[in-house]
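So the protein sequences, as listed, match chains A and B.
Residue numbering for the first sequence follows the UniProt record's numbering, beginning at 1 and increasing consecutively.
Residue numbering for the second sequence follows the UniProt record's numbering, beginning at 1 and increasing consecutively.
Glycine residues also receive a C-beta, built at the ideal position from the N, C-alpha and C atoms.
Notes to accompany the following structure.
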Amino acid sequence: MTENTALVTRNGLTWLLIAQALAIFPLLFYLPWWTLGLWLGCAVWRIQIYRMKFNYPNKIIKVGLIVIIGIGIYFTRGTVLGLEGGLALLVAAFSLKLIELKTKRDALVILYIGFLVVTSLYLYDNSFAWVSYSLLPIVTLMAALIGLNQIKLAIHPLATMKLATILLLQAIPLMLVLFFFFPRLDPLWTLPMPKKQQTTGVSNKMTPGEIANMTKSSELVLRATFTDGNIPPRNKLYWRALTLESYNGRTWSQAWDVEYSIGREPSWRAIPNNRDETSYNIIMQPSSQTWVIALDTAQTLPNQVARLADFHLERNKPIDTVYSYQLTSTFNALKEPDRTPRTNINQQLPVNNSDPRARAFGEELRKTYQGNTSQIVDALLKRFHNEPYHYTLNTPDLGQNSVDAFFFDTKRGFCEHYASATTFILRAAGVPARVILGYQGGEINTAGNFVQVRQFDAHAWVEYWEQGKGWVTIDPTFQVAPSRIERGLNEALSEEEQAQTGNNALIGYGADSILTKLRMGWENFNNEWDIFISSYNSDQQRGILQRLFGKTNLTYLGVLLVIGIILITAIWMLLLFKPWKREQDPVLRYYQQFEKLLATHGIRREIGEGPTDFALRAMQALPNYQKQIKAFHEAFIAQQYAGQNSLDILKQALKAFRKALPWKKKITG
Amino acid sequence: MAIISKQFEKWVDKRMLVGREISLNSKRVYVLPTKAGLAFILLLLIILLVGINYQNNLAYGLCFLLSAVMFLTIIHTCRNLSGIKLINAGAEPVFAGDLANFRMRLEVTKGATRQAIAVIWNDSRKKQEDNHLQLIDIDKLAGAEILLAKLAKKRGVFSPGKVHLETQFPLGLFVTWVQINLLFKVVVYPKPIEGVISTLGHAGKEEEGLHAHGKGVDDFQGLRTYQPGDSMRLVNWKSFSKGQGLFVRDFSALAGKEPWLDFDQVDGSVEHRLSVLCFWVLKLEQEQQPYGVRLPGFELAPSIGDKHKLAALYALAMHGVTQ
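Written out as structure tokens, the structure reads:
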């Protein structure tokens with residue numbers, strides 16, 4: 001019944017090659033460059049076969065090519081397994097199949113692989129821009145599929161493309177119903193995720209110079225939309241990601257025991273008579289990490305997210321796709337007012353006696369203020385304020401005792417130096433303290449009234465502990481460069497340093513410039529896209545059900561799905577079959593065209609006027625075209641009443657008449 | 001399975017459209033997924049799995065988009081085969097053992113040009129390796145006309161049977177098909193076989209006899225004036241060129257002398273005899289010699305010309321055939 005062994009049609013081959021090019025092109029960001037060369041080679045080979053200049057490859061050549069490609073992938077990717085290796089193999093198969101493309105079945109294999117290649121790209125990029133682009137290979141693959149099923153004489157590739165476009169457009173309503181009402185399932189098994197090319201981003205360690213490096217990236221971290229539309233002041237926007245409690249003299253890192261504290265919430269409460277809280281939704285971009293970013297201190301936690309002993313939030317699986325979550329945070333929380341094992345951990349200093357001057361300075365502070373924590377902290381922060389400390393990206397080499405060198409000698413540093421030194425000295429003074437890593441501030445998108453946080457907003461600050469007050473947040477950077485906190489990174493940097501980060505191109509224009517407005521609009525659109533499409537999940541499905549039925553029972557989803565499908569199908573059946581339209585005799589159809597032609601010149605058949613009378617009247621009205629009208633009329637009479645079975649004569653007569661007439665010009669009178 | 005498929009065939013037969021003109025609507029067509037369609041479903045499942053396991057909404061989206069397209073192609077494929085009219089446009093008689101060409105007109109009665117419709121005899125569908133289906137487009141205005149060839153094995157009236165139409169357009173994921181009976185019929189003349197008619201002499205040496213006879217005709221003087229309707233082959237051009245007027249040779253005047261192709265004068269089985277007679281009809285027509293045909297219960301007076309030949313061949317074809 002099928003004819004899969006038929007040879008591939010020209011229309012099919014044309015669109016197939018274009019579809020491949022479109023599908024492979026964006027993969028070049030993720031795959032070795034030679035995959036493009038491989039495809040190009042195969043495409044040229046196949047075209048030459050079509051032109052009968054080359055032959056199909058024999059078995060030896062085919063096996064040889066496969067071995068070479070396997071080796072190639074191994075050497076450029078290090079493995080033929082995993083997602084990257086698998087994708088490279090998929091693309092290689094996608095290309096190689098070209099040169100043995102003979103029959104319709106071969107072409108089908110290529111097209112189906114093509115759809116998989118497009119799917120694999122969604123694993124790397126979920127943005128609206130990429131999804132829009134991906135429609136190009138999809139519609140082209142569809143056109144190729146249609147081309148394969150056309151007769152060999154069909155040689156108008158654009159008509160095929162038009163049909164493919166129409167098919168896809170018609171499918172959209174049904175797709176939307178399926179998209180929104182098809183239940184979202186949990187993963188059936190775990191799979192290797194695509195490795196994001198980790199350019200920058202907060203990691204669970206902090207070494208001097210690391211955050212300064214991140215200022216070069218304008219990559220989006222998260223967008224936060226505040227429920228009541230009131231965005232808190234910038235100096236409250238401390239987006240907490242991680243807590244670093246362990247210091248080895250150079251690098252701050254997470255304490256080893258934190259990951260075992262899942263399920264044991266640290267004790268804390270919001271201060272009841274001063275409820276300073278805010279609700280917001282965060283769209284977090286994929287980070288491949290498990291920590292969840294929130295304003296301190298998150299009161300309600302999203303599903304599958306836990307608060308660990310050091311107050312950072314962690315999800316039970318890495319954030320590999322755009323992640324949307326709803327939070328309420330309070331700015332006034334009493335965290336662990338009583339001494340716990342954590343306070344002891346946060347008093348430890350490296351045992352190697354590094355940074356002796358800083359240790360001595362801490363000891364001195366303790367003695368001076370007799371262990372009064374608040375006074376010690378104040379004194380330290382005042383020192384940052386009063387001494388000639390400098391906020392800068394370019395820090396000199398600090399050597400072994402980096403805290404000493406920074407704090408006493410160079411006095412030039414970035415937020416990480418201030419946070420590190422403050423924590424170190426507080427610990428030396430006997431005050432439990434720790435480094436908090438995250439993002440500060442962000443840009444307010446005026447088009448959508450949300451905050452967007454980028455990598456260059458990365459920041460480090462400090463929490464210290466005091467009996468009865470619990471953990472208190474301080475930001476030594478604020479003492480040195482208040483503009484960093486109040487107006488953002490670029491404001492705090494010198495012009496030279498702004499140029500160094502390269503972020504001026506993005507945010508360097510005035511708030512009123514058209515470019516800024518356009519950018520804001522685009523980012524706002526992307527935010528909506530991420531909320532409604534990329535991060536759409538079962539929670540949102542339940543939300544819809546709640547609004548429609550007042551219940552979140554998933555069977556309602558099935559009901560909606562079935563009703564939607566039936567309704568849309570019925571509509572399309574009606575629109576496509578047009579049962580209200582009567583079937584028509586082709587002869588009468590020609591006659592109607594004839595009438596239409598005459599009508600454009602003002603001659604209309606009256607009701608009840610027979611074809612002969614009408615033809616005579618037309619001939620009188622258009623004496624120059626008597627011959628053509630007569631010819632058509634005679635052919636029509638012969639066809640209709642004498643039962644002559646040749647529509648061609650009728651068609652020719654109509655064509656001749658149409659050709660003779662000037663285009664839509666009234667020539668009567 | 002065999003029983004089910006037989007039952008299915010019966011059911012299809014019962015619902016089959018019969019007539020010299022058949023209009024197809026969506027009710028009589030059958031839809032089934034093709035192998036490519038089944039593979040496409042597998043592809044959809046893979047994409048869905050990617051969506052589920054990577055929690056990727058765009059993979060979900062692509063899966064749903066392609067599912068919707070596939071689902072809608074059912075309607076498109078059905079529509080491609082409905083709203084068309086199939087007309088039996090007749091066939092020219094053939095000799096047994098030749099291919100009979102049946103003309104079939106296809107017209108669009110509703111909607112746009114139909115693409116890639118396969119037309120094939122129902123019974124040769126299974127034998128063919130599926131890859132030589134004749135695909136045609138039916139133009140919205142001009143329609144299409146095709147010749148369906150089938151071997152006419154036996155003398156008599158040949159009915160080739162059911163025609164199978166199918167289409168996989170546009171995506172090849174579903175096939176819709178319909179079986180119709182356009183009541184195709186064609187007269188099949190006996191297969192011409194060289195042989196002996198005793199009154200004419202042996203076929204092998206018939207050249208001589210014929211030539212002698214031919215001279216006789218040439219010398220024949222029995223002429224009558226031309227009347228409209230007379231075969232141009234019988235016109236005596238010799239006298240015409242001499243300016244004596246238009247005369248035709250008159251054979252009726254010479255009863256008994258012209259060759260009779262007599263059934264009883266041939267040996268062998270009935271079919272063999274008819275075949276030999278058929279051979280002689282063609283032979284004598286070619287030689288432009290008048291002849292009569294005599295079959296049991298049938299006699300065709302001697303004459304010559306296309307009309308005469310067709311009458312003779314028809315008589316041979318229909319001999320003993322109950323219609």
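Margin query: I'd like to know whether the C-beta of Tyr189 of chain B is nearer than 8 Å to at least one C-beta of chain A.
Written below: no
Item checked: Three CB pairs or more closer than 8 Å across the region 407-414 of chain A and the region 249-261 of chain A -> no
Notebook entry, point to check: Is the distance from the Cβ of Phe478 of chain A to the Cβ of Ala224 of chain A below 8 Å?
Noted result: no
Check: Which residue or residues does DSSP assign as beta-bridge partners of Arg240 of chain A?
Finding: A:Ala294 and A:Gly438
Notebook entry, point to check: Quick one: what's got a C-beta closer than 7 Å to Leu174 of chain A's C-beta in the same chain, skipping five residues either side?
Noted result: Ile565 and Ile568
Note to self: Just verifying my parser: in three-state terms, what is the DSSP assignment at Ile74 of chain B?
What the structure shows: helix
Checklist line | Distance, Glu92 of chain B Cα to Asn101 of chain B Cα | finding: 7 Å
Next item on the list: Whole angstroms is fine: what's the gap from Ala107 of chain A's alpha carbon to Leu145 of chain A's?
Entry: 8 Å
Next item on the list: Could you run through the region 174-185 of chain B and flag, in chain order, every residue whose CB is less than 9 Å away from some CB of chain A?
Entry: Val175 and Trp177
Check: At which residues does the alpha helix (DSSP H) containing Trp522 of chain A begin and terminate?
Finding: Ile514 to Trp529
Check: Looking at C-alpha atoms only, which residue of A:Ala618, A:Asp585 and A:Phe577 is the closest neighbour of Leu597 of chain A?
Finding: A:Ala618
Note to self: Excluding the 5 residues flanking Asn55 of chain A on each side, which residues of the same chain have their C-beta closer than 8 Å to its C-beta?
What the structure shows: Ile49
Check: Taking 8 Å as the CB-CB limit, is Tyr238 of chain A close to chain B?
Finding: no
Notebook entry, point to check: Taking any Cβ of chain D, which residues in the region 161-191 of chain A have a Cβ under 9 Å from it, in chain order?
Noted result: Within the model displayed, chain D is absent; protein chains A and B are what it includes.
Checklist line | Element boundaries [beta strand (DSSP E), containing Ala224 of chain A] | finding: Leu220 to Phe226
Check: At least one CB of chain A closer than 8 Å to the CB of Leu148 of chain B: is that the case?
Finding: no
Checklist line | Alpha-carbon to alpha-carbon, Asp98 of chain B and Glu207 of chain B | finding: Per-residue confidence for Glu207 of chain B stands at a pLDDT of 41, beneath the threshold of 50, marking its modelled position as unreliable; the derived number appears in the next sentence. Going by the C-alpha atoms only, they are around 27 Å apart.
Next item on the list: Return the chain-ordered list of same chain residues with a C-beta closer than 7 Å to the C-beta of Ile304 of chain A, the five sequence neighbours on each side being excluded.
Entry: Note that residue 304 of chain A is Gln in the sequence shown, not Ile. Around Gln304 of chain A: Arg315 and Asn316.
Notebook entry, point to check: Does DSSP classify Leu560 of chain A as helix, strand or coil?
Noted result: helix
Item checked: Span separating the alpha-carbon of Gln541 of chain A from that of Ser535 of chain A -> 11 Å
Notebook entry, point to check: Can the beta-carbon of Glu363 of chain A be found less than 8 Å from the beta-carbon of Ala428 of chain A?
Noted result: yes
Check: What does a CB cutoff of less than 7 Å around Pro396 of chain A pick up in its chain, not counting 5 residues either side in sequence?
Finding: Thr410 and Arg412
Next item on the list: Could you tell me which chain B residues have their CB closer than 9 Å to the CB of Leu647 of chain A, listed as they occur along the chain?
Entry: Arg105, Glu107, Leu141, Ala142 and Gly143
Next item on the list: Specify the secondary structure class of Met284 of chain A as computed by DSSP and reduced to three states.
Entry: strand
Check: According to DSSP, is Val276 of chain B helix, strand or coil?
Finding: helix
Margin query: Just to confirm my understanding: we take Asn25 of chain B, look at its own chain, exclude 5 residues before and 5 after, and list those with CB closer than 8 Å. What are they?
Written below: Ser82 and Gly83
Checklist line | For Pro33 of chain B, the residue or residues it bridges with in DSSP | finding: B:Phe174
Next item on the list: For Leu284 of chain B, collect the residues of the same chain with a Cβ closer than 6 Å to its Cβ; drop the 5 residues on either side in sequence, then sort them by chain order.
Entry: Tyr291
Next item on the list: For Thr668 of chain A, collect the residues of the same chain with a Cβ closer than 8 Å to its Cβ; drop the 5 residues on either side in sequence, then sort them by chain order.
Entry: For Thr668 of chain A, the pLDDT reaches just 45, beneath the cut-off of 50, and the residue's location in the model is therefore unreliable, although a value from the coordinates is still provided. Cβ within range, chain order: His601, Gly602, Ile603, Ala621 and Leu622.
Notebook entry, point to check: Are the Cβ atoms of Gln628 of chain A and Ala656 of chain A separated by less than 8 Å?
Noted result: yes
Note to self: Any beta carbon of chain B sitting closer than 8 Å to that of Asn126 of chain A?
What the structure shows: yes
Note to self: Is Tyr60 of chain B close to chain A? Criterion is C-beta to C-beta, closer than 8 Å.
What the structure shows: yes
Next item on the list: Please decide whether Pro170 of chain B counts as near chain A, where near means a Cβ-Cβ distance under 8 Å.
Entry: yes
Notebook entry, point to check: Thinking C-alpha only, which one of A:Val63, A:Val117, A:Lys62 and A:Thr103 is nearest Phe25 of chain A?
Noted result: A:Val117
Next item on the list: Could you round the C-beta distance between Ser275 of chain B and Lys153 of chain B to whole angstroms and report it? I think they count as a contact, below 8 Å.
Entry: About 13 Å; that fails the 8 Å criterion.
Note to self: Tell me which residue opens and which closes the beta strand (DSSP E) that Met232 of chain B is part of.
What the structure shows: First-last for Met232 of chain B: undefined, no H or E at that position.
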